[in-house]
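Chemist: Numbering (this note's numbering), first residue to last: 13 to 385.
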Amino acid sequence: MKIKALVVFAMAFYMMSCSSIGRSTTDNYTITVSGQTDNSEVEKTLNLSNFSGIESDVAVDIHYTPGAKYNVKVRAKREVLDKINISENGSVLMLKRKKGEGYANSNVVCKMVNGVTFYSGNTAQKKVTLYVTAPEINVLENSGGDMQFHTKVFNSDGLRISNNGAFKLNAESLKCTDGDGLDIVNLGSLTLEVPTVDATWLSLDNTGSMLFNSSDIIGSLKMKNAGQLTFSGHVKGTTVELNNSGMCQVNSTFDLTDSYTCKTSGLSNNDGDVTARTISIFNSGQEQRKGTLKADRLTIDVDGNSQYAMSFIGDDAKLYCSGGGNFNFALNCQSIDLNSDGYINVSLSGTADKTSFEGSGISHLNTSKLNKF
């Protein structure tokens, strides 16, 4: 027993004298010895406070709990902690690999696909676990590492997420109803699993690979995609602006009080109903779309290839086509105005009080099921 106690004490003294955790101070140390090897894990409570953001370039698993008092604990293998600094820089809690250590997560694989960086690999052996209690977090930045962020209920004036590595966020709900709302910029691989989102604005700017999975989203949405994006959720807000020049899959229902605008120059697949005062759809790429559209005014302008199987309920619909594809519309509206100069097959059914058909593509128009009372 004396020998065992002496070994534990010696290891504790070694860690206290040799390990570096940036310029932070340490309140207490807990050392867990596993087989008395170099694979021992170290848990430390850090004297860090007054931060509202977290930035990392290492593999880190963050567990966040909102609370009035700051508390920060870190746990990792001893050799992992020896290679990183944990410190504060202004209002940001920083986790950075030490100079000369190279990439802290040697199991992470980075590859380029069409100019986009993707991250994959098992970083479990290199990961740091961070337990954070703080009044508010409004910045999460992953600058090349592997970050996972876990919380239950997240409330903040606003939250900005910036990812240039591999990032996964799990939360039961996110609420950002003040400031700029929820702002997400992704250049890497990003997964967000959040059943409920309540934000003044939800802004997504993606040039990497993004999966955004939600059930209920309250707030306006602005989405710009030049990478690969999958988005799902029932959006209830004022306006929606979608701009896709990459590959985009949207499985959503939109209930809006003002406008819905979707511009596609890439490849899009949209499945879901849209209700808004005005609906504007512009396609110069390839788009598939299914669902019911409800609006005072509907405008569709196609210069690419469109495969549409939709219903429209409302006042006026205007369809302009100089591209190709298939339009199948079930109508319940006051007027339909179709101008086609492309190679498109249009099939109209239901009712429309006024109809106007023009253009060289009219020969592909089927109205046999329109206004059949």
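From the three backbone atoms N, C-alpha and C, an ideal C-beta is built for every residue, glycine too.
Leaving out five residues before and five after valine 197 in sequence, what residues of the same chain have Cβ atoms less than 6 Å from its Cβ?
Modeler: Ser174, Asp217.
Chemist: Please report how far the alpha carbon of threonine 6 lies from the alpha carbon of alanine 146, in whole angstroms.
Modeler: Absent from the model: residue 6. The displayed extent of the chain is 13 to 385, so no value can be given.
Chemist: Checking the sheet assignment: what are the DSSP bridge partners for proline 147?
Modeler: Beta-bridge pairing links proline 147 to no other residue.
Chemist: Exposed or buried, asparagine 295, counting other C-beta atoms within 10 Å across all chains shown (16 or more means buried)?
Modeler: Buried.
Chemist: In the DSSP output, what is histidine 162 paired with across the bridge?
Modeler: Per DSSP, His75, Asn182.
Chemist: Can you tell me whether DSSP reads lysine 4 as helix, strand or coil?
Modeler: A query on residue 4 cannot be resolved here, the shown segment of the chain reaching from 13 to 385 and no further.
Chemist: Which residues does DSSP pair with arginine 309 in a beta bridge?
Modeler: DSSP, once it has assigned bridges, lists Thr290, Asp328 as partnering arginine 309.
Chemist: At which residues does the beta strand (DSSP E) containing leucine 105 begin and terminate?
Modeler: 104–109 is the extent of the beta strand (DSSP E) around leucine 105.
Chemist: Looking at the secondary structure, which residues open and close the beta strand (DSSP E) in which valine 358 lies?
Modeler: Segment 355–370, the beta strand (DSSP E) holding valine 358.
Chemist: Under the rule that 16 or more other beta-carbon atoms within 10 Å means buried, what is lysine 366, buried or exposed?
Modeler: So lysine 366 ends up on the exposed side.
Chemist: Enumerate, from N- to C-terminal direction, the unbroken beta strand (DSSP E) stretches of 3 or more residues contained entirely within the stretch 220–249.
Modeler: DSSP runs (the beta strand (DSSP E)) wholly in the stretch 220–249: 221–237, 240–249.
Chemist: Just to check my reading of the structure: alanine 5 and serine 257 have Cβ atoms closer than 8 Å, yes? What is that Cβ distance to the nearest angstrom?
Modeler: In the structure displayed, the chain extends from 13 to 385; residue 5 sits before or after that span and is not available.
Chemist: In the DSSP assignment, the beta strand (DSSP E) including valine 209 goes from what residue to what residue?
Modeler: Note, valine 209: beta strand (DSSP E), 208–218.
Chemist: In three-state terms, what does DSSP make of leucine 60?
Modeler: Three-state DSSP puts leucine 60 in coil, outside helix and strand.
Chemist: Roughly how many angstroms lie between the CA atoms of valine 331 and valine 262, to the nearest whole one?
Modeler: The question names valine, yet the displayed sequence has leucine at residue 331. Going from the Cα of leucine 331 to the Cα of valine 262 covers about 22 Å.
Chemist: Please tell me whether glycine 177 and serine 201 are closer than 9 Å, where the distance is taken between their beta carbons.
Modeler: In this structure, serine 201 lies closer than 9 Å to glycine 177 by Cβ.
Chemist: With 16 other CB atoms within 10 Å as the buried threshold, where does threonine 269 fall?
Modeler: Exposed, since its Cβ has fewer than 16 Cβ neighbours within 10 Å.
Chemist: Spatial neighbours of aspartate 73 within its chain, please: CB distance less than 6 Å, with the 5 preceding and 5 following residues excluded, ordered by chain position.
Modeler: Here the set comprises Lys139, Thr141, Gln160.
Chemist: So is methionine 205 buried or exposed if we call it buried at 16+ other beta carbons inside 10 Å?
Modeler: The question names methionine, but residue 205 is glutamate in the sequence shown. Result: exposed.
Chemist: May I have the straight-line CA-CA distance separating asparagine 317 from glycine 278, to the nearest angstrom?
Modeler: Those two C-alpha atoms are separated by around 10 Å.
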